[in-house]
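From first to last, the protein sequence lines are chains A and B. No gaps in the numbering here: position 161 of the first sequence is 467 in our numbering, and each next residue is one more. No gaps in the numbering here: position 124 of the second sequence is 225 in our numbering, and each next residue is one more. Working notes, structure below.
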Amino acid sequence: MTLLRDSAAVAAKDLRIEFRGRHATAAVLPFAATVLVVFGLSLGPGRTLLQQTAPALLWLAVLFASVLSFRQAYQSEVDDEALLGLTLAPIDKAAVFLGKAAAVCVGLLALEAAALGIVAALFGLSVGHGAPVLAAAFVLGTVGLAAVGSLFGVVNESARARESVFPLLVLPLATPVLIGGVRATSLATAGRGAEAGSWLLLLVAFDLVFVAAGTLVFGSLVED
Amino acid sequence: MASVADPNALLADPRDDVEPRPAPAVRPRNVTRVFGVSPALVRATLSVDRGEIVLVRGPNGAGKSTLLRIIATALSPTYGSGSVLGFDLVRDRQRIRAATEFLGHRSRLYDDLTAEENLRFACRIHRIDGIGVRAALARVGLARGANDRIRTFSQGMRQRVAVARAMLRRPELLLLDEPYAGLDEEAKDVVDELIASTGRDGRTVIVATHDPARGRLAGRTLVLNGGLLHEAP
């Protein structure tokens, strides 16, 4: 219970900072929208091609935008050495990891809802009948991305070349989320959501591994 | 009869049985910290009693911050051992942290939260009642700035908020690393008031500074130079 309470305190703090500053939203949403519009225009007016490529473009936009979100989530901890304050607090450091991941999750889900709206409008993607599978794919995929990003975000803060190190660490690790998310989204939008079970299971397994890994090792990453 | 296996017992002062001397609040033993290949602190041994106010002086790069960060458990010693408030410096970090406040060069505040929100968050993660937040801000002269974002504060005002956080926590051990840097005289007096009130309550304070005009509250001065620690003459 204490772990959950401390995690909620960290998440509430991060969400309040984001709500006030809109640092991530200001950078991430225009970025994702630009990616989708540019790809939509470059693929031409063929509706079938647009609908076939839409799930992959959607997840690529989410993945690249999430990298910006993770960096921003730790920026507020670095600016005035606030991360040291969290380290020196007598709390389980896993609460910091879980709280930051939860806050990033909420932000990314809001971004995904907006991106999905853009894709549905521009690419003519049908989201109606596959909505439950689509929602499951995005929630599970986002939890996995948030776990990876929150775990490696703190490693990145101590790296000298932080701008280049972070994508190198996160993007390869996020590949299973990208594959599972794209496949589940494709099946859901094609009206074959019932066949997406194995891809959703892949996302569940990924989430379990990285949430557990983050909870266990985050403390040793922030400690000297 | 004392056991031969316990040599300290043979040397013990018989008066210890009547009135045991309390363990020192801070007792690092032969602590060395190396960054890469450069030693920042070399075999530092120190004993600070409970209720003592100790000043650590030394030029920039002497190892003052390293010493205080090791005592605060923000850094691990490369070699050496020690205890803080009776707890092992390496094994009992959480227990030391629960009773220690470290105020460094940076105020460790969130720019997009208000002064009051920053203190309330600190209260939550330190498991203390947030009821005194407003009063603490008033004590450091920020009653009217409580709802302003930290982003709009000067360095001196930020440091005052950090001092208010230390007042709220009422730590057993207060560690201040260059607390006067960049402050005007009024803000420096606020820091001195924190040191004085902590000392009055019988709690321990270690202040590292190279400001020659400050530190008059300290009962003892240590000098750190080139990573080596010794008592001031």
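Think of the CB as a built atom: it goes at the ideal place given N, C-alpha and C, for glycine as much as any other residue.
Limits of the alpha helix (DSSP H) - the one that residue i falls within
i: B:P129; result: Careful: B:P129 lies outside any alpha helix (DSSP H), inside the beta strand (DSSP E) at V127 to F136.
i: A:D513; result: G503 to V528
i: A:V344; result: H329 to S348
i: B:A239; result: V234 to R240
i: A:R498; result: Run containing A:R498: none; DSSP gives neither H nor E here.
Extent of the continuous beta strand (DSSP E) run through residue i
i: B:D290; result: Careful: B:D290 lies outside any beta strand (DSSP E), inside the alpha helix (DSSP H) at E286 to R301.
i: B:Y180; result: Y180 to V185
i: B:I171; result: Note, B:I171: premise wrong, no beta strand (DSSP E); alpha helix (DSSP H) at K165 to I172.
Strand pairing of residue i, partner residues [DSSP]
i: B:A145; result: B:V132
i: B:H331; result: B:V324
i: A:I397; result: In DSSP, A:I397 forms no bridge with anything.
i: B:D189; result: B:S184
i: B:E202; result: B:L275
i: B:T215; result: B:R250
i: B:R158; result: B:V324
9 Å Cβ cutoff met for residue i and residue j
i: A:A317; j: A:G405; result: yes
i: B:R266; j: A:R326; result: no
i: A:R560; j: B:L214; result: In the structure as shown, chain A starts at 307 and stops at 530, and residue 560 of chain A therefore has no counterpart that could be examined.
i: B:L269; j: B:V292; result: no
i: B:L243; j: B:A282; result: no
i: B:E153; j: B:T305; result: yes
i: A:F444; j: A:G486; result: no
i: B:H227; j: A:A395; result: yes
i: A:A480; j: A:G450; result: yes
i: B:L169; j: B:D278; result: yes
i: A:F516; j: A:L475; result: no
i: B:G164; j: B:L190; result: no
i: B:L276; j: B:T201; result: yes
i: A:K319; j: B:F222; result: yes
As assigned by DSSP and simplified to three states, the class of residue i
i: B:L325; result: strand
i: B:D278; result: strand
i: A:D312; result: helix
i: A:D320; result: helix
i: B:A309; result: strand
i: B:L269; result: helix
i: B:S139; result: strand
i: B:A106; result: The predicted model places B:A106 with a pLDDT of 44, which falls under 50 and marks its position as unreliable; any figure quoted below should be read in that light. Reduced to three states, the DSSP call for B:A106 is coil.
i: A:S375; result: helix
i: A:P351; result: coil
i: B:G257; result: helix
i: A:A420; result: helix
i: A:I485; result: helix
i: A:L404; result: helix
i: B:P115; result: Residue placement at B:P115 is poorly supported in this model, since its pLDDT is 46, which falls under 50; the coordinates still yield a value, given next. Looking at B:P115 - three-state DSSP - the assignment turns out to be helix.
i: B:G231; result: helix
i: A:P361; result: helix
i: B:A175; result: coil
i: B:G316; result: coil
i: A:E387; result: coil
i: A:F325; result: helix
i: A:G413; result: helix
i: B:R304; result: coil
i: B:E153; result: coil
i: B:R245; result: coil
i: A:M307; result: coil
i: B:R209; result: coil
i: B:V262; result: helix
i: A:A490; result: helix
Residue i CB to nearest heavy atom of the ligand SAM below 8 Å
i: B:G303; result: The ligand content of the structure shown is nil, which means the ligand SAM is not present either.
> What runs of the alpha helix (DSSP H), each 4 residues or longer, lie entirely inside the region 427-480 of chain A?
Replying inline: Qualifying alpha helix (DSSP H) stretches, in chain order: 437-464 and 468-479.
>> Can you pull out the residues from the region 175-201 of chain B whose beta carbon lies closer than 7 Å to at least one beta carbon of chain C?
In response: The structure shown contains no chain C; the protein chains it does contain are A and B.
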